[in-house]
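Undergrad: After the structure tokens below, expect a handful of questions from me.
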Amino acid sequence: MKKITSKVSAILLVSSMMLSLCACNNKNETDTARTYCESFCEDVKNGDADKILTYLEGSDVTAEYLKELITPSDFNSEESAFSSAVKESIRYNVQDPVYDYKAKTATVYLSWGEADYNSVTALAASTVTEFKTALASSPEQIITTCVTVDLNGETPKLLNAKEVIDAVYEFNTVDHGIMPGVLSDYYKKGSLVLAPNGVYTNTDSIGVRIDFDKELFNYRFIPGITYTVSRGEDILIASSVIYLEEDSIRLDFTSEMAGETGLNEDGYLLEGKYTFFVYDEHSKVIDSFVCTVETEEIEPEIIEFEDHKEDYYLTELVYEFKDSDLMGESIVFNSGWWDYDGTSVGKSAFGSNTSVLGFSLAVSSDKEDELYYEYYYSEESDFEGINEMKPVYEGSCYPTIYDKQCCYDLDYPSTEFKPGFYGLVVYGDKAKKHIVFTAACIVVEETSDDVIGG
């Protein structure tokens, strides 16, 4: 009995030792398989084609195939940016390997996470920048793959690595509706605006209009455009990016863009040859246009006032629009001589104790131009010889927006006003050659208190 018990004990001991040795061997194999798969996943996530190729020994997969799959060479900037954004979101998880002792292989499930590029916010993005922001907050989509690790040799081998790589980078093989090619592929034509012969004369703006194929707007992530304008060798402006909303767009160079140094005394662009270069936002040239700006001498307009009797200034408002554009933008019934200090004695009359002559010209709220003005003094209401006179006051102003009205305050402040007639001449240009408005008032000898008291 003792001998039998001893034999059973010996068998159990040997069996226990064998199971323990098997468990140790399995752990070594599974650890090797896990470490190998983790290295593989990291290289796939990083998109290193040369490193990935080492896991594909014995297959017909080439480095060129992997590079085209991971970073396709025919992608434009928008497609590449889309691909990079999705690639940056890739993560992986290596599950515990299942080891086959007889075959000496390990089965390993690899779980991959990618931001959902088909989420509502991602699909609504109109630019690559918006897409990247949307992707960061999009839910994750999971891709489950399974590999077999062959542990028969000195080093592990993956038996089906290509299927994993294809699954992870499938997003590069799907049509996402992104504009293919470059923007110039969709360009149709362009032309100078209002200069069919390429010549502008006495102009404060020049421009071009460019047209694109309507097909362009069937795609996502349409790149914007930029343009430069130069005169001779000098670059005058370089625009910021303009995103296309319609198939036709106008690009201008105005007097405001040119600044004072880019204008002559009449407020027109300086003479010279001007060149527009139009690019896409990746600095690829779409087209260029050349025009010539010429200037002709402009004679100042003659100042004229109607001859009114003295009492007319007391009962009527004396003014005249010389420019139809300004008249169309003005609110006549809200315009008139403004009584700052209670010295008005008539519609167009002030007592000699006034401290300000001011005409309030009411205009529409979208009027933004600067106006230039002069005041002249005359003893006669017809201002005879005014074109040879020197103004007694000069100024300029932009419209001021009050609670319920937008007005040009055409003011002439002074410590003393001689009795007589004062003529207001308003110009639309800094050179004061184009008269847009005139008005006249009278300052009587009496003070306002004397007149009102009488």
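So the sequence shown is numbered by the working numbering: it starts at 72 and just counts up by one.
The beta carbon of each residue, even a glycine, is placed where N, CA and C say it ideally should be.
Computed from a prediction, not measured in an experiment: that's the story for all the values here.
(1) What are the partner residues of E465, as DSSP defines its beta bridges?
(2) For S406, count the other beta carbons within 10 Å of its own beta carbon; 16 or more makes it buried, fewer makes it exposed. Which is it?
(3) Could you please give me the residues that DSSP links to F376 through a beta bridge?
(4) Across the segment 368–385 and the segment 443–462, are there enough close Cβ pairs to call them in contact, namely three or more that are closer than 8 angstroms?
(5) Have a look at E225 and T103 and give me their C-alpha separation to the nearest angstrom.
(6) Need the endpoints of the beta strand (DSSP E) that T204 sits in, please.
(7) Near Y180, which residues of its chain fall below 7 angstroms by C-beta distance, leaving aside the five closest residues on each side in sequence?
(8) So, for A152: in the same chain, excluding its five sequence neighbours on each side, which residues have a beta-carbon less than 7 angstroms away from its beta-carbon?
(9) So, at 6 angstroms on beta carbons, what are the nonlocal neighbours of S401 in its own chain, with the 5 sequence-adjacent residues on each side left out?
(10) Three or more beta-carbon pairs under 8 angstroms between the segment 271–285 and the segment 227–247, yes or no?
(11) What residue from R302, Y314, E336 has the CA that sits closest to F324's CA?
(12) Give the DSSP bridge partners of N164, in chain order.
(13) Any idea what DSSP makes of D453, helix, strand or coil?
(14) Could you pull out every residue in the same chain whose Cβ sits closer than 7 angstroms to the Cβ of V403, ignoring the five residues on either side in sequence?
(15) Whole-angstrom Cβ separation of A186 and V157, contact assumed at under 8 angstroms?
(16) How many Å lie between S354 and H247 at the Cα?
(17) Should the segment 408–422 be called in touch with the segment 455–465, which here means at least 3 C-beta pairs below 8 angstroms?
(18) Mind checking who R321 pairs with in its DSSP beta bridge?
(19) Who are the Cβ neighbours of T142 in its own chain at under 6 angstroms, not counting the five residues just before and after it?
(20) Using a Cβ-Cβ cutoff of less than 8 angstroms, which residues in the same chain neighbour Y271 once the five nearest sequence positions on both sides are dropped?
(21) To the nearest angstrom, how far is it from the Cα of I523 to the Cα of S485?
(22) For the beta strand (DSSP E) containing L263, name the first residue and the last one.
(23) Drop a sphere of 10 angstroms on the beta-carbon of T31, count the other beta-carbons inside from all chains shown, and report buried for 16 or more, exposed for fewer.
(24) Along the chain, which unbroken stretches of the beta strand (DSSP E) at least 3 residues long are found entirely within the segment 327–400?
(25) What residue does the beta strand (DSSP E) around S435 start on, and which one ends it?
(26) Quick check: what's the CA-CA separation for I369 versus V416?
(27) Between the segment 334–350 and the segment 423–439, can you find at least three pairs of beta-carbon atoms closer than 8 angstroms?
(28) Between Q476, E316, T386, F111, which has its C-alpha nearest N164's C-alpha?
(29) Looking only at its chain, what residues have a beta carbon closer than 6 angstroms to the beta carbon of D358, apart from the 5 residues adjacent to it on each side?
(30) F404 by DSSP, collapsed to three states: which one?
(31) Below 8 angstroms between beta carbons: does that hold for L397 and Y493?
(32) In the structure shown, what three-state DSSP assignment does D275 receive?
(33) What residue range does the alpha helix (DSSP H) around S154 cover?
(34) Alpha carbons only, please: which of V169, T204, I161, S197 is nearest the one belonging to G184?
(35) If we ignore side chains and look at the alpha-carbon of each, how far apart do E517 and S423 end up?
(36) As a quick exercise: from C108, Y314, I249, D131, pick the residue whose alpha carbon is nearest that of P168.
TA: Let's see:
(1) E445, per the DSSP bridge assignment.
(2) The residue is buried, with at least 16 neighbouring Cβ atoms inside 10 Å.
(3) For F376, no pairing in a beta bridge is given by DSSP.
(4) Touching, yes.
(5) So the two alpha carbons sit approximately 11 angstroms from each other.
(6) Not the beta strand (DSSP E): T204 falls in the alpha helix (DSSP H), residues 199–207.
(7) So the list reads Q166, T215, C217, once near-sequence residues are dropped.
(8) Excluding five sequence positions before and after A152, the CB atoms of its chain that fall closer than 7 angstroms to its own CB belong to V199, given in chain order.
(9) Result list for S401: V434, in chain order.
(10) In short, these stretches do not touch, since the Cβ pair count stays below three.
(11) In terms of CA proximity to F324, R302 leads the group R302, Y314, E336.
(12) S182.
(13) D453 falls in the coil class under three-state DSSP.
(14) Here the set comprises nothing.
(15) Confirmed, Cβ separation roughly 7 angstroms.
(16) S354 and H247 have their C-alpha atoms some 24 angstroms from each other.
(17) Judged by Cβ distances under 8 angstroms, the segment 408–422 makes no contact with the segment 455–465, as fewer than three pairs qualify.
(18) Beta-bridge pairing links R321 to R280.
(19) So the list is empty, once near-sequence residues are dropped.
(20) Excluding sequence neighbours, Y271 sits near L265, I277, L340, C362, T363, V364, E365.
(21) One C-alpha to the other measures close to 22 angstroms.
(22) Per DSSP, L263 belongs to the beta strand (DSSP E) from 258–263.
(23) Residue 31 lies beyond the residue range present for the chain, which begins at 72 and ends at 525; the question has no answer from this structure.
(24) Entirely contained in the segment 327–400, the beta strand (DSSP E) runs reaching 3 residues are, in chain order, 343–351, 356–365, 390–392.
(25) Looking at the DSSP string, S435 is not in any beta strand (DSSP E), and its letter there is neither H nor E.
(26) Their Cα atoms are separated by approximately 40 angstroms.
(27) No, because fewer than three Cβ pairs between the segment 423–439 and the segment 334–350 fall closer than 8 angstroms, the two stretches do not touch.
(28) Looking at the Cα atoms, F111 is the closest of the given residues.
(29) Excluding residues up to 5 positions away in sequence, G261, V349 lie with their Cβ nearer than 6 angstroms to the Cβ of D358 in the same chain.
(30) Correct three-state label for F404: helix.
(31) Their beta carbons are not under 8 angstroms apart, which means L397 does not touch Y493 by this criterion.
(32) In the three-state DSSP reduction, D275 falls in the coil class, being neither helix nor strand.
(33) 148–159 is the span of the alpha helix (DSSP H), which, as asked, contains S154.
(34) Closest by alpha carbon: I161.
(35) Between E517 and S423, the C-alpha separation is close to 6 angstroms.
(36) With distances taken between Cα atoms, P168 lies closest to C108.
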